[in-house]
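Asker:
Number of protein chains: 2
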Amino acid sequence: MTHSEEDYIKAIYHLGGTENKRVSTNAIAEQMETKASSVTDMIRKLSEKEYVSYKKYQGVSLTDNGEKKALSIVRKHRLWEVFLVDKLDFSWDEVHEIAEQLEHIKSEKLIDSLDKHLGCPKFDPHGDPIPSKSGELTKTTKKLLNEVELNQTGICVGVKDSSAPFLKFLDKHGIALGDKITVLDKEDFDGSLQININDKSILISHQIASNLYVRCD
Amino acid sequence: MTHSEEDYIKAIYHLGGTENKRVSTNAIAEQMETKASSVTDMIRKLSEKEYVSYKKYQGVSLTDNGEKKALSIVRKHRLWEVFLVDKLDFSWDEVHEIAEQLEHIKSEKLIDSLDKHLGCPKFDPHGDPIPSKSGELTKTTKKLLNEVELNQTGICVGVKDSSAPFLKFLDKHGIALGDKITVLDKEDFDGSLQININDKSILISHQIASNLYVRCD
DNA sequence: ATATATTTTTAGATTTGTCTAAAAATAAAG
DNA sequence: CTTTATTTTTAGACAAATCTAAAAATATAT
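Residue numbers (our numbering), protein chains in the order written: chain Z, 1 to 217; chain C, 1001 to 1217.
#1: Counting only beta-carbon atoms, is residue 97 of chain Z nearer than 9 Å to chain C?
#2: Give me the residue from C/1012, C/1022 and C/1047 with the minimum Cα distance to residue 1030 of chain C.
#3: If you follow the alpha helix (DSSP H) that residue 215 of chain Z is in, where does it begin and where does it stop?
#4: Quick one: Cα of residue 165 of chain Z to Cα of residue 15 of chain Z, how far?
#5: For residue 120 of chain Z, write down the residues that DSSP places opposite it in a beta bridge.
#6: Nearest chain C C-beta to residue 170 of chain Z closer than 9 Å, yes or no?
#7: Straight-line CA distance for residue 45 of chain Z to residue 79 of chain Z?
#8: In three-state terms, what does DSSP make of residue 40 of chain Z?
#9: Going by DSSP, what residues sit across from residue 196 of chain Z in a beta bridge?
#10: Quick check on residue 57 of chain Z: buried or exposed, where buried means 16 or more other Cβ atoms within 10 Å of its Cβ?
#11: Would residue 1107 of chain C count as contacting chain Z if we go by Cβ distances under 9 Å?
#12: Chain Z partners of residue 1114 of chain C, CB-CB under 7 Å?
#13: Is the CB-CB distance between residue 1089 of chain C and residue 113 of chain Z below 9 Å?
#14: Closest to residue 1126 of chain C by C-alpha separation, out of C/1085, C/1199, C/1001 and C/1189, would be which residue?
#15: For residue 153 of chain Z, which of helix, strand or coil comes out of DSSP?
#16: How would you list, in chain order, the residues of chain C whose beta-carbon sits under 7 Å from the beta-carbon of residue 102 of chain Z?
#17: Measure the Cβ-Cβ separation of residue 175 of chain Z and residue 144 of chain Z and say whether it is below 9 Å.
#18: Counting only C-beta atoms, is residue 1167 of chain C closer than 9 Å to chain Z at any point?
#19: Output, in sequence order along the chain, the residues in the segment 1110-1141 of chain C whose CB is closer than 7 Å to any CB in chain Z.
#20: Below 8 Å CB to CB, which residues in the same chain sit around residue 42 of chain Z once its five sequence neighbours on both sides are set aside?
#21: Using CA coordinates, which residue listed in C/1071, C/1104, C/1201 and C/1205 is at the minimum distance from residue 1188 of chain C?
#22: Distance cutoff 9 Å, beta carbons only. Does residue 1094 of chain C sit that close to anything in chain Z?
#23: For a test of your reading of the model: does the CB of residue 202 of chain Z fall under 8 Å from any non-hydrogen atom of the ligand HEM? Yes or no.
#24: Just to confirm the assignment, what range does the alpha helix (DSSP H) spanning residue 74 of chain Z have?
#25: If I measure Cβ to Cβ from residue 192 of chain Z and keep anything under 7 Å in the same chain, skipping five residues before and after, which residues do I get?
#26: When you compare only the Cα positions, how much space is there between residue 82 of chain Z and residue 93 of chain Z?
#27: Taking only three categories from DSSP, how would you classify residue 55 of chain Z?
#28: Using a Cβ-Cβ cut-off of 9 Å, state whether residue 1084 of chain C counts as contacting chain Z.
#29: Give me the Cβ distance between residue 1214 of chain C and residue 1181 of chain C, rounded to the nearest whole Å; I'm assuming they're in contact under 8 Å.
#30: Taking the straight line between their C-alpha atoms, what separation do you get for residue 194 of chain Z and residue 37 of chain Z?
#31: From residue 65 of chain Z to residue 107 of chain Z, what distance separates their C-alpha atoms?
#32: Grab the span of the beta strand (DSSP E) containing residue 1015 of chain C for me, first residue to last.
#33: Locate the beta strand (DSSP E) running through residue 144 of chain Z, then write down its first and last residues.
#34: Helix, strand or coil for residue 107 of chain Z per DSSP?
#35: Evaluate residue 138 of chain Z with the Cβ neighbour count: other Cβ atoms within 10 Å of its Cβ, from every protein chain shown; 16 or more gives buried, anything less gives exposed.
#36: Please report the Cβ distance between residue 122 of chain Z and residue 129 of chain Z, rounded to the nearest whole angstrom; I am assuming they are in contact, meaning their Cβ atoms lie under 8 Å.
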């Protein structure tokens, strides 16, 4: 399987082109920053190889085989992200591009060993689940902090707004990736939240809360 | 710089096509398991990009720029080999193929971090020196054990014969990669060697000695 | 429902890296 | 110093992945 074929499979997967949902040619073209005509060509090839089911003008969806392939690529991508953050001290927002390259390295033993070396992590640095070797996904929803219910606890796994000012704000108030956050109170008036983080209780605005992703297992 | 271009540069480097020594088209073709005509084409391109100096029918040699590039690729290759052996518990004879893929990953920060993470190693698992970031090579000769002088000490860094029987022999007699070996005596009669290894003194045949590489710093 | 707009596909061209087969240059041998 | 053999280069073709421009199918709007 080609580097490029893998990229297409992954794109279709991320657009949700699985379990009977069909994905349009244009959507894939946009996702991959290429032209629709190129997409049609590649889809033809993937269809012949039975990674996708394709009907002219009706879009594509992954076959079982294609989805398995997609999950294996996603697994590699996310494991490498964990490696970069946990072992090489990259910050979670600079690993994507490199993982995009590393995910194409071909060696089953390499991925198995890497997985063990990292302690078989279940989530990547952005809080997204890592598919198991057999392709199972831990189905946990990552949600915005303002959607978390009262007295529930979540782990901070990412940001929606990744602008420098926002990241600086988080840094200043001691909110970091991996921190455990409990929602103590919700103000009806302006939607601001009283939260517990690192054994301190602080008040944060709705705008902050609606840009912070947490995972509640 | 393309994946393929990098492969050619590396091949020329390994054939010694540096410092005024020219390498023949056929030699490159053989090394890369491709055809001479393909080599000519690629050499043209590399010549235009000034990575090699090329005169028709006279072979090629790397320019300063090309050599720098080659050293950077070799550096990546060998650092990844160390990673695979030291961190992922690969054995030193199964890492080459994977490192061949990993050496093409593009990220300066990645290699710098990897280097630090591994403790800035000076040699790869085969005993070959790892070029520094600026392209300097520790010039130590790796030699066969039977070429080591009396009372000199070397570190076991590889084998010439990598057949299963030989590796089994080494295992059985407790000779492993990284072991310190001192040559205590040489028998004129049959060339066998009395060596000290792991605080034990043993006698090994010339045939064994002439298939074991050591590094004497 | 018919005209218009959008999406998707086709047809033909391009680039990269490769190949085969034939021609040209160099090296080796008598 | 010719003739033969080897090496290297050219010429032309091919597969992969892409693009542009035009045609075909589908969707939208009045």
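Heads up, the beta-carbon is just placed ideally off N, CA and C, and yes, glycines get one too.
Answerer: In short:
#1: yes
#2: C/1012
#3: Careful: residue 215 of chain Z lies outside any alpha helix (DSSP H), inside the beta strand (DSSP E) at 212-215.
#4: 30 Å
#5: Answer by DSSP bridge pairing: none, since residue 120 of chain Z is not bridged.
#6: no
#7: 29 Å
#8: helix
#9: Z/182 and Z/201
#10: exposed
#11: yes
#12: 88
#13: yes
#14: C/1085
#15: strand
#16: 1105
#17: no
#18: no
#19: 1110, 1113, 1114 and 1117
#20: 4, 5 and 8
#21: C/1205
#22: yes
#23: Ligands in the displayed structure: none, and consequently the ligand HEM is not present.
#24: 64-82
#25: 203, 204, 205 and 206
#26: 12 Å
#27: coil
#28: yes
#29: 6 Å
#30: 52 Å
#31: 19 Å
#32: From DSSP, residue 1015 of chain C is part of no beta strand (DSSP E); its letter is neither H nor E.
#33: 142-144
#34: coil
#35: exposed
#36: 6 Å
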